[in-house]
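There are 2 protein chains.
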Amino acid sequence: MKALITQHTPVTNEVLNTIAHLPTKNLPKIVEEGFFKKLTDKDFMRIAVLLAQKGYDEGGCPIGGVIISNETRQILGKGHNTLVQENHPYNHGETSAIRDAGRYDFSRTTIFTTLSPCDVCATLIYMRQFKRVVVGDVTNAAGNEEMLRQKGVQVDILEDHEGIALYGKYRAEKPDQDMEDWKGLAAVRQRF
Amino acid sequence: MKALITQHTPVTNEVLNTIAHLPTKNLPKIVEEGFFKKLTDKDFMRIAVLLAQKGYDEGGCPIGGVIISNETRQILGKGHNTLVQENHPYNHGETSAIRDAGRYDFSRTTIFTTLSPCDVCATLIYMRQFKRVVVGDVTNAAGNEEMLRQKGVQVDILEDHEGIALYGKYRAEKPDQDMEDWKGLAAVRQRF
Numbered sequence: 001m002k003a004l005i006t007q008h009t010p011v012t013n014e015v016l017n018t019i020a021h022l023p024t025k026n027l028p029k030i031v032e033e034g035f036f037k038k039l040t041d042k043d044f045m046r047i048a049v050l051l052a053q054k055g056y057d058e059g060g061c062p063i064g065g066v067i068i069s070n071e072t073r074q075i076l077g078k079g080h081n082t083l084v085q086e087n088h089p090y091n092h093g094e095t096s097a098i099r100d101a102g103r104y105d106f107s108r109t110t111i112f113t114t115l116s117p118c119d120v121c122a123t124l125i126y127m128r129q130f131k132r133v134v135v136g137d138v139t140n141a142a143g144n145e146e147m148l149r150q151k152g153v154q155v156d157i158l159e160d161h162e163g164i165a166l167y168g169k170y171r172a173e174k175p176d177q178d179m180e181d182w183k184g185l186a187a188v189r190q191r192f
Numbered sequence: 193m194k195a196l197i198t199q200h201t202p203v204t205n206e207v208l209n210t211i212a213h214l215p216t217k218n219l220p221k222i223v224e225e226g227f228f229k230k231l232t233d234k235d236f237m238r239i240a241v242l243l244a245q246k247g248y249d250e251g252g253c254p255i256g257g258v259i260i261s262n263e264t265r266q267i268l269g270k271g272h273n274t275l276v277q278e279n280h281p282y283n284h285g286e287t288s289a290i291r292d293a294g295r296y297d298f299s300r301t302t303i304f305t306t307l308s309p310c311d312v313c314a315t316l317i318y319m320r321q322f323k324r325v326v327v328g329d330v331t332n333a334a335g336n337e338e339m340l341r342q343k344g345v346q347v348d349i350l351e352d353h354e355g356i357a358l359y360g361k362y363r364a365e366k367p368d369q370d371m372e373d374w375k376g377l378a379a380v381r382q383r384f
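Line by line, the protein sequences are chains A and B.
For the first sequence, position 2 matches number 2 in my numbering, and the numbering has no gaps at all.
For the second sequence, position 63 matches number 255 in my numbering, and the numbering has no gaps at all.
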């Protein structure tokens with residue numbers, strides 16, 4: 001059967017959102033390689049933001065991540081924060097995408113994350129030797145970009161304004177959940 | 193129905209191994225609270241080593257972790273490395289046990305790990321504000337103990353000689369898998 005999304009399919013939010021919702025292992029049946037080859041960094045960040053939106057719609061923390069091959073530009077892994085959905089204390093955007101990719105040589109890849117990585121995710125990014133990380137939001141959080149550069153990871157900032165607005169809205173709506181995600185339940189309890 | 197393992201059950205390797213193999217959520221049906229209350233730190237480290245042995249028997253990396261409540265001494269989470277079994281690039285002994293525990297205030301807990309924590313696990317331990325970590329092997333690996341103490345985590349060394357021997361044997365048998373687990377596939381490829 002022919003793929004629904006071909007190299008000639010226009011790059012729209014609806015198409016990128018379909019890719020965000022498809023399991024990574026199913027992508028080759030639905031999307032031609034040629035389509036991914038024409039996607040820009042901004043487009044991959046859009047997919048990450050659409051994953052963040054998916055997480056928000058599920059009641060979770062709106063943070064998404066996408067990993068691509070630097071050579072072929074195909075998606076190798078993607079995911080979003082599942083603190084709430086999986087009762088998972090550290091499945092962030094980045095850890096989720098890395099779990100999805102599995103055992104891979106990440107020195108040949110780029111990871112797109114909608115929000116500046118926390119200490120755990122930043123540590124995992126250098127420990128698994130990612131070549132490059134693209135950060136979609138250094139407005140709502142920041143801090144590990146310089147450490148990552150010192151560890152030899154190329155760090156690029158490519159802010160997505162819809163992603164920034166979504167995270168800001170979520171943080172105002174659920175400040176406790178936001179704090180738990182960053183600092184743990186102990187920090188939330190200490191606040192009272 | 194009465195629990196199989198009661199406060200009067202002697203603490204043997206066979207009983208601890210049964211506890212290692214039971215899903216954490218099923219423990220209250222099989223083990224009386226009183227049994228856990230009489231377990232020493234050394235006994236909990238034994239359970240972690242038995243989880244490491246389970247991982248080794250499955251063809252994986254022999255590293256286990258157990259989390260207990262400091263107040264009640266009940267097990268809240270446990271697990272072992274599943275690099276091979278789950279195709280999971282960072283499900284180490286500690287990350288596995290923390291995933292199993294779920295959203296919990298870890299500032300009231302102790303985590304037992306059979307092997308000195310890697311950078312990612314050590315970062316997760318301080319970021320989730322664990323009160324205490326007990327390390328079962330600083331012979332085959334070490335390094336983050338001092339950083340953890342500086343972050344306010346109590347670190348105790350309680351070496352388990354069977355666990356140390358098991359890890360040494362595994363490392364000699366599968367040096368590539370051992371390196372991938374610590375440094376990623378890129379490091380393995382760079383060696384050749």
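Idealized CB from N, CA, C, for every residue including glycine.
**Asked** If you draw a straight line from the C-alpha of Glu263(B) to the C-alpha of Leu316(B), how long is it?
**Response** 22 Å
**Request:** Please say whether Ile67(A) and Phe106(A) have beta carbons closer to each other than 9 Å?
**Result:** yes
**Item:** Residues in the stretch 97-112 of chain A having any Cβ partner in chain B nearer than 7 Å
**Value:** Ile98, Arg99, Gly102, Arg103, Tyr104, Asp105, Phe106 and Ser107
**Asked** CA-CA distance, Gly143(A) and His200(B)?
**Response** 53 Å
**Prompt:** Can you pull the DSSP bridge partners for Val347(B)?
**Reply:** Val325(B)
**Request:** Mind reading off the beta-carbon distance from Leu214(B) to Ile222(B)? Whole number of angstroms is fine, and I expect it under 8 Å.
**Result:** 6 Å
**Prompt:** Where does Ile19(A) sit, in a helix, a strand or coil, going by DSSP?
**Reply:** helix
**Asked** Where Asp119(A) and Ile164(A) are concerned, what is the direct C-alpha to C-alpha distance, given to the nearest angstrom?
**Response** 20 Å
**Asked** Is it a yes or a no for the stretch 44-57 of chain A touching the stretch 95-115 of chain A, going by three-plus beta-carbon pairs under 8 Å?
**Response** yes
**Prompt:** DSSP on Thr264(B), reduced to helix/strand/coil?
**Reply:** coil
**Request:** Could you tell me the boundaries of the alpha helix (DSSP H) in which Ile222(B) lies?
**Result:** Leu219 to Ile222
**Request:** Can you tell me the Cβ-Cβ gap for Tyr126(A) and Leu377(B), rounded? I've got them flagged as a contact below 8 Å.
**Result:** 15 Å between Cβ atoms; not a contact.
**Nearest neighbour of Leu27(A), chosen from Ala101(A), Gln177(A), Asp137(A) and Tyr167(A) [CA to CA]** = Ala101(A)
**Prompt:** Mind checking if Pro89(A) is an interface residue toward chain B, Cβ cutoff 9 Å exclusive?
**Reply:** yes
**Contact the stretch 77-91 of chain A vs the stretch 49-61 of chain A: 3+ CB pairs below 8 Å** = yes
**Asked** Start and end of the alpha helix (DSSP H) containing Thr123(A)?
**Response** Asp119 to Met127
**Asked** Using a C-beta cutoff of 9 Å, does Asp368(B) count as contacting chain A?
**Response** no
**Item:** Residues near Asn140(A) in its chain [Cβ-Cβ closer than 7 Å; skip 5 each side]
**Value:** Leu115, Ile164, Tyr167, Gly168 and Arg171
**Asked** Along chain B, which residues have their Cβ under 7 Å away from the Cβ of Thr123(A)?
**Response** Asp311, Val312 and Thr315
**Request:** Indicate whether at least one CB of chain A lies closer than 9 Å to the CB of Gly252(B).
**Result:** no
**Request:** Helix, strand or coil for Phe384(B), going by three-state DSSP, please let me know.
**Result:** coil
**Message:** Here's the rule: buried if 16 or more other CB atoms are within 10 angstroms of the residue's CB, otherwise exposed. What is Asn13(A)?
**Reply:** exposed
**Item:** Residues within the stretch 205-233 of chain B neighbouring chain A, beta-carbon criterion of under 9 Å
**Value:** none
**Item:** Near-chain A residues of the stretch 333-344 of chain B (beta-carbon distance less than 7 Å), N- to C-terminal order
**Value:** none
**Prompt:** Are there 16 or more other CB atoms within 10 angstroms of the CB of Thr24(A), so buried, or fewer, so exposed?
**Reply:** buried
**Asked** Would you say Gly285(B) and Leu350(B) are within 9 Å of each other, going by their C-beta atoms?
**Response** no
**Prompt:** Which residues in the same chain have their Cβ closer than 8 Å to the Cβ of Val49(A), if we skip the five residues on either side of it in sequence?
**Reply:** Gly64, Thr114, Gly136, Asp160, Glu162, Gly163 and Leu166
**Message:** Residues of chain B with CB closer than 8 Å to the CB of Gly55(A), please, in chain order.
**Reply:** Within 8 Å Cβ-Cβ: nothing; Gly55(A) doesn't reach chain B, min ~16 Å.
**Prompt:** Relative to the C-alpha of Asn17(A), which residue among Lys78(A), Val153(A) and Lys131(A) is closest?
**Reply:** Lys78(A)
**Request:** May I ask you to report which of helix, strand or coil DSSP gives Thr113(A)?
**Result:** strand
**Request:** Using DSSP bridges, identify the partner residues of His272(B).
**Result:** Gly256(B)
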